[in-house]
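Visitor: Quick note: the sequence shown uses this note's numbering, first residue 108, plus one each step.
Ideal Cβ placement from N, Cα and C applies to all residues, glycine included.
Predicted model, so just to flag it, every value in this text is computed and none were measured.
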Amino acid sequence: MLKTHPQKVLQDSPAQTLCPDPFPRRVTIELSGLCNLSCPVCPRRFVEATSGLMSRRLFEKILEEIGTNGTEAVVPFFRGEPLLHPSFLEMIHLLRKKTRAGIQLATNAMLLSRSVAKGLLDLRIDFISFSLDALTARTYEKVRPGGDFNRVMDNVHGFLNMRESLGDSFTTVQVSATEGPDNQAEIVPFIAYWQGKADRVRIYPRHSEGGKFGRLEHARPEESRKPCRKPFTDIVIYSDGQVALCNHDWDRKGEGAIGSVNEKTIQEIWEGPSYRKIRDKHLDGRWSELDPCRHCDHWQASDGCDSFVGRLVERAERMAHSAEPGR
């Protein structure tokens, strides 16, 4: 059991105390580190180790621990395209069978066949986000090299139509775009097109990958920064079992390793010295001593510690199942 000793807060932060959850409330599991696209706004090209598939043995080990600890949500993707895993649907079935956690998925929809769509809807996943980034084939070719615009649009519309035909009122559907110079002119019409079709439309700022990949264009002063909540609530597991700090921690390795679920339990890592050090430094405002926190600017893209990054348009009638993976 995690000892939740009294925690410090910065003097200029809200009058509240940050204590780590006894066990991560949200667990990100990278089923696939592979991707079938080469998007220019994605930090994959700056990362050394994003290949590989998670083994079923390791996945089951993780699920056994999650299933007994009350995790609220599991996010079965990270740096790659999850549908590239040859046992994708089987692993989502295991996730649904062995845990009570909500399932929050994102995909580029290239491999979203009718059988995969039917399988996901039958398993009643809680949330799925389609990363599209464009509203025309010409723009899509620029922002999603390797993809097929018409195929993706057919797949997403097919999923929405199938959900309606099945009378599914459970799975929340989001479509998203990441802003960049090549699709800026399509953002407003993108929102208008999808607003009446999907449950949510989210527009993300460009991913800075801890400052290594451009900078987000925000003007908030550094002194307004507050401790990040992710080290207190979330854990991320690469496909090889290595643990990362958050979903902006794309290339943790070597001396910066937090731990491996091949060698320890999630609980042991969560309560271990690496996580304690990270939390203490955030509470002290010493994020400049942490990688990738020192260069992270995604705190500037939200309205508060609990807010999601980006702009959101949402259909009010489906807000009951609107939880999603954070960016």
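Please identify the residue among Ser276, Pro338, Lys388 and Arg251 whose C-alpha is closest to the C-alpha of threonine 285.
Guide: On the sequence shown, residue 285 is found 178 positions in, with the first residue counted as 1. It is Arg251 whose Cα lies nearest to the Cα of threonine 285.
Visitor: Determine, using beta carbons only, whether valine 134 and isoleucine 344 come nearer to each other than 9 Å.
Guide: Here residue 134 refers to the residue found at position 27 of the sequence shown. Here residue 344 refers to the residue found at position 237 of the sequence shown. Yes.
Visitor: Please determine if the region 283-300 and the region 171-180 are in contact, where contact requires at least 3 C-beta pairs separated by less than 8 Å.
Guide: Flag = no, the region 283-300 and the region 171-180 do not touch.
Visitor: Under a three-way DSSP split, which group does arginine 207 fall into?
Guide: As a first step, residue 207 must be located in the sequence shown, where it is residue number 100. Of the three classes helix, strand and coil, the one that applies to arginine 207 here is coil, per DSSP.
Visitor: Along the beta strand (DSSP E) that carries isoleucine 235, what are the first and last residues, could you check?
Guide: For the purposes of this step, residue 235 is identified with residue 128 of the sequence shown, where counting begins at 1. Where isoleucine 235 is concerned, the enclosing beta strand (DSSP E) stretches over 234-238.
Visitor: I'd like the span of the beta strand (DSSP E) that includes glutamine 281, first residue to last.
Guide: The count along the sequence shown starts at 1 and reaches residue 281 at position 174. 279-285 is the extent of the beta strand (DSSP E) around glutamine 281.
Visitor: Go through its chain and collect everything with a Cβ distance to arginine 393's Cβ below 7 Å, but skip five positions before and after it.
Guide: Here the question's residue 393 lines up with position 286 in the sequence shown. Excluding sequence neighbours, arginine 393 sits near nothing in its chain.
Visitor: Pick out the complete beta strand (DSSP E) segments inside the region 183-231, 3 residues or longer, and give them in chain order.
Guide: Correct list: 209-214.
Visitor: Within the continuous beta strand (DSSP E) that includes threonine 135, where are the two ends?
Guide: Counting from one through the sequence shown, the residue named residue 135 turns up at place 28. First-last of the beta strand (DSSP E) with threonine 135: 133-136.
Visitor: Return the bridge partner residues of leucine 419 from the DSSP annotation.
Guide: The residue you call residue 419 lines up with position 312 of the sequence shown. Beta-bridge pairing links leucine 419 to Arg309.
Visitor: In its own chain, which residues sit with a C-beta less than 7 Å from the C-beta of arginine 386, not counting the 5 before and 5 after it?
Guide: Translated into the one-based positions of the sequence shown, residue 386 becomes position 279. Excluding residues within five positions, the ones whose Cβ falls inside 7 Å are Pro127, Pro338 and Phe339.
Visitor: Would leucine 267 pass as a contact of valine 280 if the rule is Cβ separation under 9 Å?
Guide: For the purposes of this step, residue 267 is identified with residue 160 of the sequence shown, where counting begins at 1. For the purposes of this step, residue 280 is identified with residue 173 of the sequence shown, where counting begins at 1. Cβ atoms of leucine 267 and valine 280: closer than 9 Å.
Visitor: Report, in whole angstroms, the separation of the C-beta atoms of glutamate 137 and arginine 186, which I expect to be a contact under 8 Å.
Guide: Counting from one through the sequence shown, the residue named residue 137 turns up at place 30. Counting from one through the sequence shown, the residue named residue 186 turns up at place 79. Confirmed, Cβ separation roughly 6 Å.
Visitor: Taking aspartate 440 as part of the alpha helix (DSSP H), name the residues at either end of that continuous run.
Guide: This structure cannot speak to residue 440, because the chain is shown only from 108 to 434.
Visitor: Quick one: does the C-beta of methionine 217 sit closer than 8 Å to a heavy atom of the ligand ZN?
Guide: Annotation note on the ligand ZN: not contained in the displayed structure, which lists no ligands.
Visitor: How is the alpha helix (DSSP H) around valine 343 delimited, first residue to last?
Guide: Start at 1 with the first residue of the sequence shown, and residue 343 comes out as number 236. First-last for valine 343: 341-344, but that is the beta strand (DSSP E), not the alpha helix (DSSP H).
Visitor: Just tell me which of Ser283, Ala208 and Phe166 has its CA closest to the CA of proline 131.
Guide: For the purposes of this step, residue 131 is taken as residue 24 along the sequence shown, with counting starting at 1. It is Ala208.
Visitor: Less than 6 Å between C-beta atoms, sequence neighbours within five positions excluded: which residues of the same chain meet that for arginine 359?
Guide: The residue labelled residue 359 in the question sits at position 252 within the sequence shown. Result list for arginine 359: Ala351, in chain order.
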